[in-house]
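Beneath this line is the structure, given in structure tokens, with notes to follow.
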Amino acid sequence: MSETIFSKIIRREIPAEIVYEDDDILAFRDINGQAPTHVLFIPKRPIATLNDLGDDDANLVGRLVLAATRYAKAQGFAEDGYRCVINCNRDGGQSVYHIHLHVLAGRQLSWPPG
Ligand code: AMP
Numbered sequence: 295m296s297e298t299i300f301s302k303i304i305r306r307e308i309p310a311e312i313v314y315e316d317d318d319i320l321a322f323r324d325i326n327g328q329a330p331t332h333v334l335f336i337p338k339r340p341i342a343t344l345n346d347l348g349d350d351d352a353n354l355v356g357r358l359v360l361a362a363t364r365y366a367k368a369q370g371f372a373e374d375g376y377r378c379v380i381n382c383n384r385d386g387g388q389s390v391y392h393i394h395l396h397v398l399a400g401r402q403l404s405w406p407p408g
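Have a look at this one:
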């Protein structure tokens, strides 16, 4: 797949406010935050969309979610609540084609989304 801006963030070629990192996952603040907390959890390996996941990625996706829930607990907003979203392709509102889990918290979020 072609590179996205997230690959440049992983390689530290452009700045980002990184809040979590391990061997396979990076998390950083969304540049256009939609809530007081808006963090993106991404695999370091570029995978374009949810549709590109295979059986071998089950562990990676699980760890992505667990990293987000650990972050929510560590930051103290887990009990109040938060939203995790992965947008897929055009109708899902995806704009960066490197899978990312949005974590939004810190305000009452409406449902359904627009
Ligand atoms: P999506 O629309 O689900 O693909 O989400 C892409 C997200 O990436 C948007 O919320 C953008 O604000 C965010 N974003 C784009 N470029 C950057 C960047 N350089 N640093 C942090 N977040 C970014």
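Mapping of the sequence shown onto the working numbering: residues 295 to 408, in sequence order. We treat Cβ as the ideally placed atom computed from N, Cα and C, and that holds for glycine. These numbers come from a predicted model, not from an experiment.
Would you kindly report the start and end of the unbroken beta strand (DSSP E) that includes residue i?
i	result
residue 379	376 to 379
residue 399	395 to 399
Under the DSSP definition of a beta bridge, which residues are partnered with residue i?
i	result
residue 321	314, 335
Check whether the Cβ of residue i lies closer than 8 angstroms to any heavy atom of ligand 1, and answer yes or no.
i	result
residue 387	yes
residue 310	yes
residue 325	yes
residue 358	no
residue 369	no
residue 381	yes
residue 328	yes
residue 299	yes
residue 335	no
By the DSSP assignment, the alpha helix (DSSP H) with residue i in it spans what residues?
i	result
residue 342	First-last for residue 342: undefined, no H or E at that position.
residue 389	Premise fails: residue 389 is in no alpha helix (DSSP H) and is neither H nor E.
residue 366	352 to 369
residue 301	299 to 304
Any contact between the stretch 332 to 341 and the stretch 307 to 321? By contact I mean 3 or more CB pairs, one from each, below 8 angstroms. yes
Touching by the beta-carbon criterion (3+ pairs, under 8 angstroms), the stretch 363 to 376 and the stretch 391 to 408: yes
Assess, as a yes-or-no matter, whether the stretch 340 to 359 is touched by the stretch 368 to 386 under the definition of 3 or more beta carbon pairs within less than 8 angstroms. yes
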